[in-house]
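Notes for the one structure printed next.
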Amino acid sequence: MKPILLLSLVGALAAPAAAGDVSIGFGYSEGHGVSIGFGYREKHRHHDHGRRHVEHRKWVPGHYETVHRQVYVPGWCEQVWQPAEYRWTRDHCGRRVRVLVRPAGYVTVERPGYYKTVCEQVWVPGRYVRC
Numbered sequence: 002m003k004p005i006l007l008l009s010l011v012g013a014l015a016a017p018a019a020a021g022d023v024s025i026g027f028g029y030s031e032g033h034g035v036s037i038g039f040g041y042r043e044k045h046r047h048h049d050h051g052r053r054h055v056e057h058r059k060w061v062p063g064h065y066e067t068v069h070r071q072v073y074v075p076g077w078c079e080q081v082w083q084p085a086e087y088r089w090t091r092d093h094c095g096r097r098v099r100v101l102v103r104p105a106g107y108v109t110v111e112r113p114g115y116y117k118t119v120c121e122q123v124w125v126p127g128r129y130v131r132c
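Quick note on numbering: the sequence shown equals residues 2 to 132 in the numbering used here.
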């Protein structure tokens with residue numbers, strides 16, 4: 002009798018399996034008898050009731066757009082010509098004489114980095130957009 006009951010229960014639960022997921026569990030324990038467990042999860046369905054959903058899309062052709070962005074220009078070192086520097090002074094006899102303070106030559110000047118705005122033309126490919 003018990004196997005027939007189990008088979009009839011399996012047959013009854015197998016019918017809705019096409020519409021969803023069915024899980025069945027069987028167990029037997031001495032003194033407690035047979036245990037049966039089952040679960041059912043319905044699958045998500047879309048019912049349109051005869052109406053068709055039409056998605057409206059519009060083609061936007063490819064084009065160029067101007068983009069403004071901040072870019073960092075790193076610092077750099079530069080060799081700059083510096084002319085000689087002289088000044089007037091008095092010698093030990095009290096006469097005015099011209100003295101060399103710094104000789105002419107190149108000096109290395111370190112320029113700091115900075116940010117600047119750059120305008121660029123970028124290509125945006127054609128695409129469909131929803132209306």
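The beta-carbon is built from N, C-alpha and C at its ideal position, and this holds for glycine as well.
Whole angstroms are fine: how far does the CA of residue j sit from the CA of residue i?
| i | j | result |
| --- | --- | --- |
| G106 | R88 | 17 Å |
| Y115 | V123 | 24 Å |
| A18 | H57 | Unreliable placement is indicated for A18, whose pLDDT of 49 sits below 50; the coordinate value is still reported in the next sentence. Rounded to whole angstroms, A18 to H57 spans 36 Å at the Cα level. |
| H93 | E79 | 41 Å |
| R99 | V119 | 51 Å |
| H64 | V55 | 28 Å |
| G95 | L101 | 18 Å |
Grab me the residues of residue i's own chain with a C-beta within less than 8 Å of its C-beta, minus the 5 sequence neighbours each way, in chain order.
| i | result |
| --- | --- |
| E62 | For clarity, residue 62 is Pro in the given sequence; the question names Glu instead. Correct list, in chain order: G127. |
| P113 | G76 |
| R103 | Q83, A85 and E86 |
| K117 | Q71, V72 and V74 |
| R91 | R97 and V98 |
Using 7 Å as the threshold, is the C-beta distance between residue i and residue j below it?
| i | j | result |
| --- | --- | --- |
| E66 | V110 | no |
| V108 | V81 | yes |
| V68 | E121 | yes |
Please go through the same chain and pick out, in chain order, the residues whose beta-carbon is closer than 6 Å to the beta-carbon of residue i, but skip the five residues on each side of it.
| i | result |
| --- | --- |
| K59 | V130 and C132 |
Between residue i and the rest of its own chain, which residues show a CB-CB distance below 7 Å, the 5 nearest in sequence each way excluded?
| i | result |
| --- | --- |
| R53 | none |
Worksheet item: Mind pulling the beta strand (DSSP E) runs of 3 or more residues that sit fully within the segment 84-127?
Response: 86-91, 97-103, 106-112 and 115-125
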